Amino acid sequence: GAVVSQHPSRVICKSGTSVKIECRSLDFQATTMFWYRQFPKQSLMLMATSNEGSKATYEQGVEKDKFLINHASLTLSTLTVTSAHPEDSSFYICSAREGGSLAFFGQGTRLTVV
Amino acid sequence: GENVEQHPSTLSVQEGDSAVIKCTYSDSASNYFPWYKQELGKGPQLIIDIRSNVGEKKDQRIAVTLNKTAKHFSLHITETQPEDSAVYFCAASSPTNAGKSTFGDGTTLTVKP
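As given, the protein sequences belong to chains A and B, one line each in that order.
For the first sequence, this note's numbering gives the first residue as 1, with consecutive numbering after it.
For the second sequence, this note's numbering gives the first residue as 1001, with consecutive numbering after it.
Okay, here's the thing in structure tokens:
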């Protein structure tokens, strides 16, 4: 299957700082990328959908000013958690889709805010 | 919107036995149903998928069946092995929802050696 690389895999940051997570499609052009958040032993919660060159579409209840998403190219999308707080600690996962239904997931990023 | 229910939430089987996980969906327009395996600390990995124009698909020890009328689909794993132990998620995707996938709550499968 196609490869989606997410970086970093783990990050620890201090409260009040911002953290950027990258999601790259390595062997295909991702017209759409999705960002998910996953709490321990729970399912994936879709945060936002980003299409290359346009603004991300956020799901209800997700603060767009807190979770900044940029999809500047067909192979890269970034999620920036701004002014992070301990409650933002979670597992963040991206997925990328070339055009059809099939989406491939990155390895996930474990964010811990201390 | 789409609602996906997944059962059971936990499943324990002996090595070599079969495991079945079932999901139901609510949106009759959903036409794509992937299954993902997630190991601890990793992202979900696509293991098999099925589209609404097909009733069954098989890939070695893994098979998926789809009943469009009843709006349910199932994952079947035969000859289970300890390395099959993981959390499995079903999902449903609908063109009326911009192709976004709605996930089930997951099934924790434990295969005992």
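By construction, the Cβ of each residue, glycine as well, lies at the ideal position given by its N, Cα and C atoms.
Note that the structure is predicted; figures quoted are calculated from it, not measured.
- With at least 16 other beta carbons inside 10 angstroms of its own, Val-19 of chain A counts as buried.
- Residue contact check for Thr-78 of chain A against chain B: no CB pair falls below 8 Å.
- Put simply, the backbone Cα of Ile-93 of chain A is about 9 Å away from that of Pro-1044 of chain B.
- Beta-bridge pairing by DSSP links Asn-1031 of chain B to no other residue.
- Membership of Leu-1075 of chain B in the beta strand (DSSP E) is indicated by the continuous run 1072-1077.
- Here Gly-1104 of chain B is buried, its C-beta having at least 16 other C-beta atoms within 10 Å.
- Between the region 1022-1038 of chain B and the region 1068-1088 of chain B, the count of Cβ pairs shorter than 8 Å is three or higher; the stretches touch.
- Taking Ser-1101 of chain B as the centre and dropping the five residues before and after it, the same chain places the C-beta of Ala-1091 and Ser-1093 closer than 6 Å to its C-beta, in chain order.
- If you draw a straight line from the Cα of Lys-55 of chain A to the Cα of Val-114 of chain A, it is about 30 Å long.
- Per the coordinates, the alpha-carbon of Pro-1008 of chain B lies some 11 Å from the alpha-carbon of Phe-1089 of chain B.
- Taking 9 Å as the upper bound on Cβ-Cβ separation, chain B lies near residues Phe-91, Ile-93, Cys-94, Ser-95, Arg-97, Gly-100, Ser-101, Leu-102, Ala-103, Phe-104 and Phe-105 of the region 75-105 of chain A.
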